[in-house]
Structure formats: C-alpha cells, structure tokens
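Residue numbers (this note's numbering): 1 to 291.
Every residue gets a Cβ at the ideal spot worked out from N, C-alpha and C, and that includes glycine.
Written below as structure tokens is the structure these notes are about.
If you want it as structure tokens, here you go:
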C-alpha cells in the first residue's frame, strides 16, 4: 500500500492536479472576498482605482483606472503562477507588477510639471504683453492660449473652458494651480491674482515676476549641479550595503549564519539596519537644498 501511495504521489499528473486545486482554492477565496461590495477588498479596490484616475486626469490621460488595476491584478496572478512553476527566484516579478504602474504615473506627472515650469516665464510675459493691448486680465488670459505649447496650453484651455461654464477667473486660476501642484506655478498665479486685486501697473509687475522666475530657475539649476555629486554618493550609500551582503553570501555560503542563529545576532542586524536608515535620512536632508 505504501509503495502504491508513493507511486501515485510521485506521478507528474498528481503534482499538476495539486497545483490546480491550490489555484482553484485561491480563485474561490479571492472571488468570495471581492464579491462583497462593502468588504475591505472592494473598498481598497475603489480607493486605488480613484487614486489612479485622479493621477491620470492631471496628465490628461482618460484611460479607466479599473482597466489598469485589473491588468495589474492579472499580471500579479500570472507572475505568482510563473514563480511557483519555475524554480527561479522570481519574487520580484509580482512586486514589480504591483508597484511599477503607480510609480510610472508619478514619474510622468513630475516630468509634466517640469515642462510646465520651463514654459512659465514665457506664459507670464505673454500675459503681460497681452495686457498692453487689452485692460482685461481675463481677455488677456484667453488670448495667450494660442501662443503657448503643451502641456501648459492644455491647462490654460481647461481653465478657459471652466470660465465659459460659469467659473470666475480667480477660481479657474486657483484650480489650475492646484492641478499642477508646483511652487513656481503657485507663485506666478499668486502674482496674477494679487496684481489684479490691488491694481497698479500689472504688465510691469508681471515682467518682474517673469524675471524672478527665470532667476529662481537658474539658481535651482546651479544647486542641482552642486549637489549632483552628493546625490550620487547617497545612491551609492543606499545600494552598496545590500550589494556587499549579496556578494559575501555568494562567495561564502552561510557567511552571515552566526547573525541569524541567536538573539544577539538579530539585535546586531537591527542596529545595523537602523544606522543605515538613519544615515540615508540625514544624507538626504543634507543634499536636498531648498532654494
């Protein structure tokens, strides 16, 4: 009997049947969790989809967020299946599928903000020149949308559409600043709103604002150049201990075994990790110079 059981267990079909039953059980469990509209998984799902759609709406990308989230879910499931079936260390694959899309969207947002900041002084100068031909800031703001390029043109066109459906110029400008989320843009919009409210020679004020923005951009470029070496050292400081541990462990197996066989060893690991994190935090505060 034992030999028969051993033969059945060692049969390849038995292994695949077991794997199939495991995934069937996981599918039933996941379906039971997500079928409840008021359950925690569905609430987290709706919150994540709303987060994706908010981020993509800022980028003027109107792909449904649930489509991206569903693609991530399928990708995570398939990568887990691949990691189980293939005898390779593929634990990073499902983590990458889950983390990379939001990080990529955030990278696109930052690139868009950087492009808008490069166009900002020209935008302010265009409004200042338009105000020399028309006394209305609203008319000047509408007229410059044909003089600028995307991505700032998209923001200006959306603000003009908001004005046409009932928003005031102040509301449209503040919504535009909140969508972009940039300190130079906030400064430029504040100059427009304050100059409009207090009166005076608004074209001259805007010329001075554009000059200040150009000078701020120059100073930020100088600071980035001066701190580039420090940021490279920070990146090396963050990666080098992990690489060193992997190299030592590959050269000599169980090299760090004494640290994992006692409470003292775990305390040493904890202290070393805490010092490593503290050094990264302190170094980041040093290299992040605020202009």
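Spatially closest choice to residue i from the options, by CA coordinates
i: residue 275; options: 248, 46, 68 and 237; result: 237
i: residue 245; options: 223, 272, 230 and 227; result: 272
i: residue 119; options: 138, 134 and 217; result: 217
i: residue 260; options: 138, 253 and 269; result: 269
i: residue 235; options: 196, 197, 137 and 280; result: 280
i: residue 107; options: 56, 142, 86 and 157; result: 56
i: residue 176; options: 157, 78, 231 and 165; result: 157
i: residue 292; options: 66, 92 and 258; result: No statement about residue 292 is possible, as the shown extent of the chain runs from 1 to 291 and does not include it.
i: residue 208; options: 188, 226 and 230; result: 188
i: residue 45; options: 60, 54, 65 and 61; result: 65
i: residue 105; options: 258, 51 and 71; result: 51
i: residue 283; options: 264, 196 and 228; result: 228
i: residue 233; options: 250, 201, 287 and 185; result: 287
i: residue 186; options: 145, 124, 86 and 265; result: 124
i: residue 72; options: 263, 60 and 96; result: 96
C-beta contact flag for residue i and residue j at 9 Å
i: residue 126; j: residue 148; result: yes
i: residue 112; j: residue 160; result: no
i: residue 94; j: residue 74; result: no
i: residue 169; j: residue 137; result: yes
i: residue 203; j: residue 128; result: yes
i: residue 122; j: residue 221; result: no
i: residue 49; j: residue 69; result: yes
i: residue 131; j: residue 213; result: no
i: residue 256; j: residue 248; result: yes
Helix, strand or coil at residue i according to DSSP, with G and I counted as helix
i: residue 129; result: helix
i: residue 260; result: helix
i: residue 286; result: helix
i: residue 248; result: helix
i: residue 5; result: For residue 5, the predicted model reports a pLDDT of 49, less than 50, meaning its position is unreliable; a value from the coordinates is still stated below. The answer is helix: DSSP assigns residue 5 an H, G or I state.
i: residue 96; result: helix
i: residue 107; result: helix
i: residue 141; result: helix
i: residue 266; result: helix
i: residue 123; result: helix
i: residue 68; result: helix
i: residue 79; result: helix
i: residue 279; result: helix
i: residue 59; result: coil
i: residue 86; result: coil
i: residue 43; result: helix
i: residue 147; result: coil
i: residue 154; result: helix
i: residue 48; result: helix
Rounded distance between the beta-carbons of residue j and residue i, thought under 8 Å
i: residue 167; j: residue 117; result: The Cβ separation is near 24 Å, so there is no contact.
i: residue 155; j: residue 180; result: 6 Å
i: residue 365; j: residue 192; result: Outside the shown range of the chain (1 to 291) lies residue 365, about which nothing can therefore be said.
Runs of 4 residues minimum, wholly inside the stretch 164-240: which ones carry the alpha helix (DSSP H) assignment?
169-180 and 183-198
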